[in-house]
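Engineer:
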Amino acid sequence: MSINRRDFLKIAGAAAAGSVITGALTSCKKPDVEAESVFYSTQKPDLSKYDKYYFVQVNADKCQKCGTCRKHCPTGIINGSETEPYKVLDNAGCVFCGQCLINCPYGAIDEKVSFIDEIFKAAKDADKVVVAMPAPSVRYSLGEPFGMKPGTHVGGKMDAALRKLGFDIIWDNQFGADLTIMEEGTELIGRITKNENPLPQFTSCCPAWVKFVESFYPELIPNLSTSKSPIGMIAPMAKTYGAANRKVDPAKMYTVGIFPCIAKKFECMRPEMNSSGFQDTDASIDTRELAYMIKKRGIDFLSLNDERPDSLLGESTGAGTIFGVNGGVMEAALRFAYEAVSGQKLNAVDFTAVRGMDGVRSASVKIPNGPEVKVCVIAGLKNAKPVIDEVKAGKSPYHFIEVMTCPGGCVNGGGQPLDPEDRLVENFFGKNPLAGS
Ligand code: SF4
Ligand code: SF4
67 MSINRRDFLK IAGAAAAGSV ITGALTSCKK PDVEAESVFY STQKPDLSKY
117 DKYYFVQVNA DKCQKCGTCR KHCPTGIING SETEPYKVLD NAGCVFCGQC
167 LINCPYGAID EKVSFIDEIF KAAKDADKVV VAMPAPSVRY SLGEPFGMKP
217 GTHVGGKMDA ALRKLGFDII WDNQFGADLT IMEEGTELIG RITKNENPLP
267 QFTSCCPAWV KFVESFYPEL IPNLSTSKSP IGMIAPMAKT YGAANRKVDP
317 AKMYTVGIFP CIAKKFECMR PEMNSSGFQD TDASIDTREL AYMIKKRGID
367 FLSLNDERPD SLLGESTGAG TIFGVNGGVM EAALRFAYEA VSGQKLNAVD
417 FTAVRGMDGV RSASVKIPNG PEVKVCVIAG LKNAKPVIDE VKAGKSPYHF
467 IEVMTCPGGC VNGGGQPLDP EDRLVENFFG KNPLAGS
């Protein structure tokens, strides 16, 4: 029996995060047309006008009007009928998660913002120092477009490929994840013990979830953790601490985030992400695009010897790695808070399903010499509404709630490879579409 990536994620995620993976996951079927399923723009997006962009849109010519995209859309902003092609109706209501794209059985939904050409140009520019900042989940899925088994760890090959693509420095976004955990855990202690901000504290590292709160529940913005996401931390670190350490002019540093996610492009383009004094992240790509770039440059991925990220901002812990699955962010931050308050190690967090709420699991953790902390993990934004409504009504029993938009977390993000059996890069872009680059 073969196993596809999503089945694998259910198994791997359940083992890694205490069985928190639920939600309706369906397999992609082989698309009718494979060669041009994703649109890669050659235009550099205008960073000051990010709110004008549709990050995804339906290609009306390919749409078979099946309605699968609408079933997976957490906001209901994509709509059509048996006679009208589906369409993302309003940019404001779309959270850019790309769940419509990865679940479309016909490859009829296109990504609309891409930095690929700009990154290729920067990599050739001798005046620029190009920095790669890959997110935790990318290294577990990048092998799929090259025929490797879903879930294979290819971090070493990924680092080798990035250097061959012309990246000068690799600073691992897992380092950023560790920083986010420490900030978020410290903030949780402050909220619980000093009433510094309202409870419950929501995680804030998923940009689609943040946009959802901003658009649909703005009154709950104070409940979002004030901690920046991993890329929100490591990118300004790169252009300040990292640049100073490597004696690089930060104006010449070109930082590239690599994500399993489409919404992260939006996050990095937000004009306020400039605490380094520059746009902190200059460009973003997703796992599919990185696979495309590796192919486009004719790099034999499978033959690459493992390499490692650069030192300084390249080291990370196991806690940073589990950011990629539902429950990982919350568990890592809770672990930090537990140890900071009690000085003791936290054993496995025992989650149980919340009755009557699909995809919602909770746990209660007594911190020695501290409070009992009630936590909740929501697997997929579609499952969040009852929990959010409880918070809005002031009836939530929880101190800390994790929401990741994609069912299962970032490992199932909208920027990940599609069905690995049907969507090898060769299939996806045509038999030999990348020759002669
Ligand atoms: S990107 Fe997400 S929110 Fe936007 S239309 Fe697609 S599924 Fe809906
Ligand atoms: S769950 Fe992860 S991949 Fe999905 S939108 Fe949020 S950050 Fe992106």
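Going by our numbering, the sequence shown opens with residue 67, and the numbers climb by one from there.
Idealized CB from N, CA, C, for every residue including glycine.
All values derive from a computational prediction rather than experimental measurement.
(1) Check each residue's C-beta against every heavy atom of ligand 1 and list, in chain order, those closer than 6 angstroms.
(2) Please list the segments of the beta strand (DSSP E) lying wholly inside the region 267-345, counting only runs of 3 or more residues, in order along the chain.
(3) Taking its Cβ as the centre, do 16 or more other Cβ atoms sit within 10 Å of Ser180, making it buried, or is it exposed?
(4) Could you tell me which residues DSSP pairs with Val196 in its beta bridges?
(5) If Val457 and Asn289 are in contact, beta carbons under 8 angstroms, what's the gap, nearest whole angstrom?
(6) With a CB to CB cut of under 7 angstroms and the five nearest residues on each side skipped, what residues in its chain are close to His138?
(7) Would the C-beta of Thr246 count as close to ligand 2, meaning under 7 angstroms from any of its heavy atoms?
(8) Determine whether the beta carbon atoms of Asp346 and Thr321 lie at a separation below 8 angstroms.
(9) Note the first and the last residue of the continuous alpha helix (DSSP H) segment covering Glu249.
(10) Using a 10 Å radius around the Cβ and a threshold of 16 neighbouring Cβ atoms, would you call Asp416 buried or exposed?
(11) Taking the C-alpha atoms as reference points, what is the distance between Gly394 and Lys362?
(12) Going by the C-beta, is Gly425 closer than 7 angstroms to any heavy atom of ligand 2?
(13) Check whether the Cβ atoms of Lys305 and Met319 sit closer than 8 angstroms, and answer yes or no.
(14) Could you please give the first and the last residue of the uninterrupted beta strand (DSSP E) stretch that includes Glu468?
(15) Count the C-beta pairs between the region 446-462 and the region 234-251 that are closer than 8 angstroms, then say yes if the count reaches three, no if not.
(16) Only counting runs of 3 or more residues, tell me where the beta strand (DSSP E) segments fall wholly within the region 345-372, in order along the chain.
(17) Would you say the beta carbon of Gly298 is closer than 7 angstroms to some non-hydrogen atom of ligand 2?
(18) Counting Cβ pairs, one atom from each stretch, are 3 or more of them under 8 angstroms apart for the region 246-258 and the region 398-412?
(19) Roughly how many whole angstroms lie between the Cα atoms of Pro483 and Leu356?
(20) In terms of residue numbering, what span does the beta strand (DSSP E) encompassing Gly123 cover?
(21) Just to confirm, are Val426 and Val469 a CB contact at a threshold of 8 angstroms?
(22) Report the partner residues of Asp418 according to the DSSP bridge assignment.
(23) Can you find at least 3 beta carbon pairs, one from the region 274-283 and one from the region 148-167, that sit closer than 8 angstroms?
(24) Should Lys294 go down as buried or exposed, given a rule of 16 or more other Cβ atoms within 10 Å for buried?
(25) Got a sec: does ligand 3 put a non-hydrogen atom nearer than 7 angstroms to the Cβ of Ala310?
(26) Considering only heavy atoms of ligand 2, does any lie closer than 7 angstroms to the CB of Pro202?
(27) In angstroms with no decimal places, state the Cα-to-Cα distance between Glu373 and Ile185.
(28) Relative to ligand 2, is the shortest distance from any of its heavy atoms to the C-beta of Ala399 smaller than 7 angstroms?
(29) Examine ligand 2 and report whether any of its heavy atoms sits within less than 7 angstroms of the Cβ of Gly173.
(30) Please look up how many angstroms separate the CB atoms of Ile360 and Ala227, rounded, as I've assumed it's under 8 angstroms.
(31) Would you decide whether Glu148 is buried or exposed? Buried here means 16 or more other CB atoms lie within 10 Å of its CB.
(32) My understanding is that Val122 touches Ile175, with C-beta atoms under 8 angstroms, so please give their C-beta distance in whole angstroms.
(33) The alpha helix (DSSP H) with Val179 in it runs from where to where?
(34) Using only the alpha-carbon positions, how far apart do Phe282 and Asp183 sit?
(35) Please tell me whether, using a cut-off of 7 angstroms, the distance from the CB of Cys135 to the nearest non-hydrogen atom of ligand 2 is below it.
(36) Quick check: the Cα distance between Thr269 and Cys327, rounded to an integer number of angstroms?
Structural biologist: With the structure as the only source:
(1) Val122, His138, Cys139, Pro140, Thr141, Ile143, Ile144, Val154, Cys160, Val161, Phe162, Cys163, Gly164, Gln165, Cys166
(2) Counting whole runs of 3 or more residues, the region 267-345 contains the beta strand (DSSP E) stretches 319-325.
(3) buried
(4) Tyr320
(5) 7 angstroms
(6) Excluding residues within five positions, the ones whose Cβ falls inside 7 angstroms are Gln165, Cys166, Asn169.
(7) Checking the Cβ of Thr246 against ligand 2 gives no.
(8) yes
(9) 239-260
(10) Counting of Cβ neighbours within 10 angstroms places Asp416 among the exposed residues, the total staying below 16.
(11) 34 angstroms
(12) Gly425 Cβ: outside cutoff for every heavy atom of ligand 2.
(13) yes
(14) Where Glu468 is concerned, the enclosing beta strand (DSSP E) stretches over 466-470.
(15) For the pair of segments examined, the region 446-462 was found not to touch the region 234-251: the number of CB pairs separated by less than 8 angstroms stays below three.
(16) 349-352
(17) no
(18) yes
(19) Using only the alpha carbons, I get a separation of about 10 angstroms.
(20) The question names Gly, but residue 123 is Gln in the sequence shown. Counting along the chain, the beta strand (DSSP E) containing Gln123 begins and ends at 122-124.
(21) no
(22) First, the residue type needs correcting, since residue 418 is Thr and not Asp in the sequence shown. For Thr418, which the question treats as bridged, DSSP gives the partners Ser428.
(23) yes
(24) buried
(25) Absent from the structure shown: ligand 3. Ligands present: ligand 1 and ligand 2.
(26) Taken from the Cβ of Pro202, every heavy atom of ligand 2 lies 7 angstroms or farther away.
(27) 21 angstroms
(28) no
(29) no
(30) 5 angstroms
(31) exposed
(32) 6 angstroms
(33) For Val179, no alpha helix (DSSP H) encloses it, and the DSSP letter there is neither H nor E.
(34) 35 angstroms
(35) False, no ligand heavy atom lies under 7 angstroms from that Cβ.
(36) 17 angstroms
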